[in-house]
Amino acid sequence: YCELYGTKKAKSILDRHIRNLTIKLNEKRKNLYLKDLNTVFAHFISSLDLSNHGDAVQFTRNHPDFNEYFVALSDEKSWKDTGVQHSPVTNRILIPLDLLNEQEAVICFEHRIAKLQEEQDQIDLADEFERSLTQANNILPGLSLDDVLTCVDEKFSKLNKEKSKSIYNDHQLVIAKQYEKDLEEMLLENTDLFRMQLPGGDLKPDAIQALTAGLRKM
Numbered sequence: 001y002c003e004l005y006g007t008k009k010a011k012s013i014l015d016r017h018i019r020n021l022t023i024k025l026n027e028k029r030k031n032l033y034l035k036d037l038n039t040v041f042a043h044f045i046s047s048l049d050l051s052n053h054g055d056a057v058q059f060t061r062n063h064p065d066f067n068e069y070f071v072a073l074s075d076e077k078s079w080k081d082t083g084v085q086h087s088p089v090t091n092r093i094l095i096p097l098d099l100l101n102e103q104e105a106v107i108c109f110e111h112r113i114a115k116l117q118e119e120q121d122q123i124d125l126a127d128e129f130e131r132s133l134t135q136a137n138n139i140l141p142g143l144s145l146d147d148v149l150t151c152v153d154e155k156f157s158k159l160n161k162e163k164s165k166s167i168y169n170d171h172q173l174v175i176a177k178q179y180e181k182d183l184e185e186m187l188l189e190n191t192d193l194f195r196m197q198l199p200g201g202d203l204k205p206d207a208i209q210a211l212t213a214g215l216r217k218m
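Residue numbers (our numbering): 1 to 218.
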């Protein structure tokens, strides 16, 4: 080949081939690091206080578990210049810290923050739903959750179904107990009305309890 095209041409082709191989190797290595990055971010980033990428990287660097998941290279080196390293304890592939500045890693970080925001939105919505139920005065024991959701703000339909069901069931227990208490107090305050309907006009405590129990079943 050198005889046909000359040494300079052959060297140019060889250099280009090496560059292509290097690019492919780096892409393969990058994908290897990115594969577990979602899980790693979930371990290190658990608060929206770290929604700034630079702050998150610095926090990660100072985290006590840093050496279990990452490796910090010298300023002169890039992850592209070094081979894959493993944790001596767990044999886990260590992610070079400077890789976190790559576009794919930044996107992965943004997905993590978006998930945290979604979780926080659900917490806020659950709190608001609970307050809304407490403040409502037209929700009766036995009323279905679906009926209630059609009457309150439509945004509560975005709340996780299991969570909304749990909150509503707890609220139903509270108002059911309150209704029972109010009913018993009403019967005691209006015994004269019931005494008029009984032979001998006698209304004993056990009769009130039996009447209360019967009304609860209605």
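Using N, Cα and C, we set each Cβ at its ideal position, and we do this for glycine too.
Asked	Found
Residues near N169 in its chain [Cβ-Cβ closer than 6 Å; skip 5 each side]	none
CB contact flag (F59, L97, <8 Å)	no
8 Å Cβ shell around S132 - same chain, five flanking residues per side excluded	V152, D153, F156
Option nearest E119 by Cα separation, candidates N160, D146, D81, V89	N160
Cross-strand partners of I93 (DSSP beta bridge)	H86
Span separating the alpha-carbon of C221 from that of L145	Nothing in the structure corresponds to residue 221, since the chain is present only between 1 and 218.
Cα-Cα separation, V40 to R16	36 Å
For V71, the three-state DSSP class (helix, strand or coil)	strand
Pick from S74, E110, D65 that is closest to T90, judged by C-alpha positions	D65
Best match in S166, E110, A105, Q172 for proximity to N137 [C-alpha to C-alpha]	Q172
As assigned by DSSP and simplified to three states, the class of G54	helix
Where A56 falls, given that 16 or more other Cβ within 10 Å makes a residue buried	buried
Inter-residue Cα distance where the pair is L48 and S78	29 Å
Cβ-Cβ distance between K158 and L116 below 8 Å	no
Where the alpha helix (DSSP H) containing E118 begins and where it ends	103–135
Collapsed DSSP secondary structure at V152 in the structure displayed	coil
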